[in-house]
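Letter 27 of the sequence shown, counting from 1, is numbered 27 in the working numbering, and no numbers are missing.
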Amino acid sequence: MPPFEKILLKNMETPGYTGSLADYERGGGYQALRKVLGKIPPAEITETVKKSGLRGRGGAGFPTGVKWGFLPKDYQGPKYLCCNADESEPGTFKDRQLIERDPHQMIEGMLLACYAIGVETAYIYIRGEFVLGAQILERALAEARMAGYVGQNILGARTSINIWVHRGAGAYICGEETALLESLEGKRGLPRVKPPFPATHGLYNKPTVVNNVETLANLPHIINRGAEWFAAIGSPPKSSGTRIFCVSGHVKRPGNFEVPMGTTLRELIFEHAGGMRSDKPLKAIIPGGASAPFFTPEHLGVKLDFESVAQAGSMLGSGGVTVMEEGTNMVWAALRLMEFFYHESCGKCTPCREGSSWLVQTMRRIVDGRGRNSDLETLVELCQNIAGRTVCAFGDAEVAPIMSTLKYWRHEYEELIQQAAMSAPAELMMPVMGKH
Ligand SMILES: Cc1cc2nc3c(=O)[nH]c(=O)nc-3n(C[C@H](O)[C@H](O)[C@H](O)COP(=O)(O)O)c2cc1C
Numbered sequence: 001m002p003p004f005e006k007i008l009l010k011n012m013e014t015p016g017y018t019g020s021l022a023d024y025e026r027g028g029g030y031q032a033l034r035k036v037l038g039k040i041p042p043a044e045i046t047e048t049v050k051k052s053g054l055r056g057r058g059g060a061g062f063p064t065g066v067k068w069g070f071l072p073k074d075y076q077g078p079k080y081l082c083c084n085a086d087e088s089e090p091g092t093f094k095d096r097q098l099i100e101r102d103p104h105q106m107i108e109g110m111l112l113a114c115y116a117i118g119v120e121t122a123y124i125y126i127r128g129e130f131v132l133g134a135q136i137l138e139r140a141l142a143e144a145r146m147a148g149y150v151g152q153n154i155l156g157a158r159t160s161i162n163i164w165v166h167r168g169a170g171a172y173i174c175g176e177e178t179a180l181l182e183s184l185e186g187k188r189g190l191p192r193v194k195p196p197f198p199a200t201h202g203l204y205n206k207p208t209v210v211n212n213v214e215t216l217a218n219l220p221h222i223i224n225r226g227a228e229w230f231a232a233i234g235s236p237p238k239s240s241g242t243r244i245f246c247v248s249g250h251v252k253r254p255g256n257f258e259v260p261m262g263t264t265l266r267e268l269i270f271e272h273a274g275g276m277r278s279d280k281p282l283k284a285i286i287p288g289g290a291s292a293p294f295f296t297p298e299h300l301g302v303k304l305d306f307e308s309v310a311q312a313g314s315m316l317g318s319g320g321v322t323v324m325e326e327g328t329n330m331v332w333a334a335l336r337l338m339e340f341f342y343h344e345s346c347g348k349c350t351p352c353r354e355g356s357s358w359l360v361q362t363m364r365r366i367v368d369g370r371g372r373n374s375d376l377e378t379l380v381e382l383c384q385n386i387a388g389r390t391v392c393a394f395g396d397a398e399v400a401p402i403m404s405t406l407k408y409w410r411h412e413y414e415e416l417i418q419q420a421a422m423s424a425p426a427e428l429m430m431p432v433m434g435k436h
């Protein structure tokens, strides 16, 4: 693999690095903030971020500078920035590492974003289970306040920015940006109908930007080293920079790996993550978190950038890469994921609320050896009635494991149903209308 310089994990991989303010400053931390405060006009920062090609690392991959540009110009009232530290996507654990091991990198990124979009109050919405991460952030913010990086008149300039940590209660849906805003407002975390978008009607109905931890952590480096430097890394022009991939499952070395975008799945799994944990061959890969359709070993050559993964039929999503070896039952694997989505469906939209229950029941029946011939048709019909018919992208996410396992491993479903047919009395195999 060609050598490259890590951006986001570089500090924390330096021996002895603790993530303290002193350590961060020693490595050049807060220089980007010093460079811009009162010296470079905020609009120029947004332009730099646009030129860098940085796209959101939370899932959808929306261009960050373009998103900032949607905030109404010359708006006089309060505006907000929310750092999405919910990291609720199964198989994803990069934001946690960025928070726990190098909190100031993300905080400096937040300050730069606030400066660019004229925000004085920012929130970090962190999932409830990240107790340690929340404590580390509180400590880092206290250090940053003492040093004059956060608070009134930062570094003597006219800019004032306060950052507050808000702990969620642990719901997958609260990672979705509008549910996150509802939760932050003290309400039940349910997604809002869009439009209007948070850029105009966000937190407390005010213009708001929601950005992911990893997205924000890139900003100090872009400001320090320039848009052109960042834009040249990875798979320009549409997938610039590096990406932290969280590799889990049946590999020798599970963990977070920062690689330039465009690295192939083969290189990520077999070089960085050490290959398969036993001598069993690779069977399946989820390339971008539980919501991303499965890939097969045929996809090992796919480049990990937004376009290539989408063209191959999945999505880069949250960067959670789950690897499964030969011998894994794919119907069982899809059921496990479906059980998660059923548990986490917020209940707002009928197709998702009711459909997820039907999907789980049908999948369980197949796995338990009680499958019926009509079940595969039922699964497809249910999925078609959920995807694209919900307020948020949760609906599309929950059908992905079933639809993609049906696409590549339909025979495993059929085998389970045939085994059931051979062991069950004939009348049980008749489709029963309306009963699942
Ligand atoms: C069901 C669902 C869950 C999501 N969970 C997360 C999450 O845990 N963290 C995150 O950053 N984005 C998550 N997102 C994406 C956010 O809605 C939003 O697009 C993102 O925070 C924007 O930041 P970015 O532009 O920096 O990527 C989720 C989206 C959906 C539909």
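The beta-carbon is built from N, C-alpha and C at its ideal position, and this holds for glycine as well.
- Here Ala169 is near Gly128, since their CB atoms are less than 8 Å apart.
- The beta-bridge partner set that DSSP reports for Val321 consists of Val247.
- CA-to-CA, the gap between Thr350 and Gln384 works out to about 14 Å.
- Within 7 Å of the C-beta of Phe394 there is at least one heavy atom belonging to ligand 1.
- Inter-residue distance for Glu44 and Gly327 is about 54 Å (C-alpha atoms, whole angstroms).
- Relative to the Cα of Gly19, the nearest Cα in the group Phe197, Lys194, Leu137, Ala113 belongs to Leu137.
- With contact defined as three or more Cβ pairs closer than 8 Å, the segment 115 to 127 and the segment 30 to 50 are in contact.
- Going by C-alpha positions, Ala421 is about 21 Å away from Trp358.
- Ligand 1 has a heavy atom closer than 7 Å to the beta-carbon of Asn84.
- Membership of Tyr24 in the alpha helix (DSSP H) is indicated by the continuous run 21 to 26.
- Between Phe306 and Ser52, the beta carbon gap of about 15 Å keeps them out of contact (Cβ cut-off 8 Å).
- The secondary-structure analysis by DSSP pairs Thr378 with nothing; it has no beta-bridge partner.
- With respect to the 8 Å criterion, Leu81 and Leu33 are not classified as neighbours on the basis of their beta carbons.
- Taking C-alpha positions only, Ser314 is separated from Gln418 by approximately 30 Å.
- When DSSP states are grouped into helix, strand and coil, Thr121 belongs to the strand group.
- In the same chain as Ser278, and ignoring 5 residues on each side of it, the C-beta atoms closer than 8 Å to its own belong to His250, Glu325, in chain order.
- In this structure Met146 is exposed. Its beta-carbon is surrounded by fewer than 16 other beta-carbon atoms within 10 angstroms.
- Here the distance from the Cβ of Arg57 to the nearest heavy atom of ligand 1 is below 7 Å.
- Straight through space, the alpha carbons of Leu216 and Thr296 are spaced by roughly 32 Å.
- Tyr125 is positioned such that its CB atom lies no closer than 8 Å to that of Leu203.
- Counting C-beta atoms within 10 angstroms of its own C-beta, Glu108 has 16 or more neighbours from the protein chains shown and is therefore classed as buried.
- In this structure, the alpha-carbon of Asp368 lies about 9 Å from that of Leu416.
- The beta carbon of Ser423 is closer than 8 Å to those of Gly369 in its chain, skipping five residues each way along the sequence.
- Your pair Lys67 and Val209 checks out as a contact, with CB atoms roughly 6 Å apart and the cut at 8 Å.
- In the three-state DSSP reduction, Ala85 falls in the strand class (E or B).
- Residues of the same chain with a CB within less than 6 Å of the CB of Thr178, apart from the 5 flanking positions on each side, are Pro191, Arg192 in chain order.
- Restricting attention to Leu37, Gln76, Tyr123, Leu265, the CA atom closest to the CA of Leu155 is found in Leu37.
- Taking Ser291 as reference, the option from Pro254, Ala334, Leu282, Pro196 with the minimal CA-CA separation is Ala334.
- Look at the beta carbons and you see the segment 373 to 384 touching the segment 396 to 407: at least three pairs across the two are nearer than 8 Å.
- Within 10 angstroms of the beta-carbon of Tyr123 lie 16 or more other beta-carbons, which makes it buried.
- Nearest Cα to Met261 within the set Lys238, Pro254, Pro90: Lys238.
- Remark: C-beta atoms of Gly288 and Gly319 approach each other more closely than 8 Å.
- Contact between Gly189 and Cys352 does not hold, since their C-beta atoms are separated by about 14 Å, which reaches or exceeds 8 Å.
- Judged by beta-carbon spacing, Pro207 lies within the 8 Å limit of Lys79, meaning their Cβ atoms are closer than that value.
- For Ser183, the closest C-alpha among the options Lys94, Val399, Ala232, Asp86 is that of Asp86.
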